[in-house]
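Asker: Here it is, the structure in full.
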Amino acid sequence: MDIIDKLEKSNSRTSIYFFKQGIFAQLYGMSLYLARIELNLLVKVCGVRHKKSGGDLILRGGLPVSTLEKHFGRRLIHHEYGYEIKLTHEIEDLTDYNSWYLKQKNYLLKKEEIERKNETELVEAEKNLEVSALSRKLAASRQLTLSEQEYYFLMNWRQDKYPSSIESGFIRGLKEKILSQGRSRLR
Numbered sequence: 311m312d313i314i315d316k317l318e319k320s321n322s323r324t325s326i327y328f329f330k331q332g333i334f335a336q337l338y339g340m341s342l343y344l345a346r347i348e349l350n351l352l353v354k355v356c357g358v359r360h361k362k363s364g365g366d367l368i369l370r371g372g373l374p375v376s377t378l379e380k381h382f383g384r385r386l387i388h389h390e391y392g393y394e395i396k397l398t399h400e401i402e403d404l405t406d407y408n409s410w411y412l413k414q415k416n417y418l419l420k421k422e423e424i425e426r427k428n429e430t431e432l433v434e435a436e437k438n439l440e441v442s443a444l445s446r447k448l449a450a451s452r453q454l455t456l457s458e459q460e461y462y463f464l465m466n467w468r469q470d471k472y473p474s475s476i477e478s479g480f481i482r483g484l485k486e487k488i489l490s491q492g493r494s495r496l497r
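With our numbering applied, the sequence shown covers 311 to 497.
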């Protein structure tokens, strides 16, 4: 049974359908809602996407088959695809279901958006780590030893403390020092 058939069957207002997948029983849409409301099952709601459904977010939940059989064994109707529990009444008013469905779907869409954003940020952070690791390696190979006077100048520098001619002279001196150390490393 494909996802489209499962979703259609799950729209029933008179039964709750559980689709067996390995050791789990999966619920979708209305069946998921009814299992939570009518059977008081605390089933976590997840969002999944399937190509056959056009990539739309589908609400899904599940529980172990053993739990289902233990708690509802007598009420379970066994089918080739899984199980069914017939309700004692038909759900006529869909207002509560529609409200629940929209809240769940919006929450899951927002969660997806946050995860995508965090994934993008994580990729950026990893790139930055790689760049900073490379920068550290390059910096370690190009260490500059400052004289006591140069160190003192840098530690006490603040804007407009020294005339621009002194600052540019200091920068020129550091640049020459860097170039001369670079040449001596190449030899």
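Beta carbons are placed, not taken as given, at the ideal position from N, Cα and C, and that holds for glycine.
When you compare each of 321, 388, 426, 357 to residue 413 by their alpha carbons, which one comes out closest?
Answerer: As a working mapping, residue 413 is identified with position 103 in the sequence shown. Comparing Cα-Cα distances from residue 413 to each of 321, 388, 426, 357, the minimum goes to 357.
Asker: Specify, as a first and last residue, the run of the beta strand (DSSP E) that residue 370 falls within.
Answerer: If you number the sequence shown from 1, residue 370 lands on position 60. From DSSP, the beta strand (DSSP E) with residue 370 extends over 367-374.
Asker: Is the beta carbon of residue 338 less than 7 Å from the beta carbon of residue 410?
Answerer: Numbered from 1 along the sequence shown, position 28 holds the residue referred to as residue 338. Numbered from 1 along the sequence shown, position 100 holds the residue referred to as residue 410. Contact flag unset, no.
Asker: When burial is assigned at 16 or more other CB atoms within 10 Å of the CB, is residue 496 buried or exposed?
Answerer: Along the sequence shown, read from residue 1 onward, the residue named residue 496 stands at position 186. With a pLDDT of 48 at residue 496, under the threshold of 50, the modelled position of that residue is not reliable, and the figure given next carries that caveat. With fewer than 16 Cβ atoms within 10 Å of its Cβ, residue 496 is classed as exposed.
Asker: By DSSP, does residue 496 sit in helix, in strand, or in coil?
Answerer: As a first step, residue 496 must be located in the sequence shown, where it is residue number 186. For residue 496, the predicted structure reports a pLDDT of 48, less than 50, and the residue's modelled location is therefore unreliable. The matter cannot be settled from this model.
Asker: Is any non-hydrogen atom of the ligand ZN found closer than 6 Å to the C-beta of residue 329, if you look at the structure I gave you?
Answerer: No copy of the ligand ZN appears in this structure; indeed no ligand is present at all.
Asker: Between the region 382-399 and the region 319-334, can you find at least three pairs of beta-carbon atoms closer than 8 Å?
Answerer: Yes, the region 319-334 touches the region 382-399.
Asker: Taking the runs of the beta strand (DSSP E) that are 3 residues or longer, which of them lie wholly in the region 447-485?
Answerer: DSSP runs (the beta strand (DSSP E)) wholly in the region 447-485: none.
Asker: In this structure, does DSSP put residue 381 in helix, strand or coil?
Answerer: In the sequence shown, the residue the question calls residue 381 occupies position 71. Of the three classes helix, strand and coil, the one that applies to residue 381 here is helix, per DSSP.
Asker: Restricting to Cα atoms, I'd like to know which of 345, 314, 418, 362 is closest to residue 382.
Answerer: Residue numbering aside, residue 382 sits at position 72 when the sequence shown is read from its first letter. Of the candidates 345, 314, 418, 362, the one whose C-alpha sits nearest the C-alpha of residue 382 is 345.
Asker: Between which two residues does the beta strand (DSSP E) harbouring residue 325 extend?
Answerer: One-based indexing of the sequence shown puts residue 325 at position 15. That run of the beta strand (DSSP E) goes 325-331.
Asker: Identify whether residue 349 lies in helix, strand or coil by the three-state DSSP scheme.
Answerer: Here residue 349 refers to the residue found at position 39 of the sequence shown. If DSSP states are grouped into helix, strand and coil, residue 349 belongs with coil.
Asker: Keeping to the same chain, check which residues put their C-beta closer than 6 Å to that of residue 259; ignore five residues upstream and five downstream.
Answerer: Lying before the first or after the last residue shown, residue 259 is absent from the chain, which here runs from 311 to 497.
Asker: Please confirm whether residue 335 and residue 371 have their CB atoms less than 7 Å apart.
Answerer: Within the sequence shown, the letter at position 25 stands for residue 335. Within the sequence shown, the letter at position 61 stands for residue 371. Contact: no.
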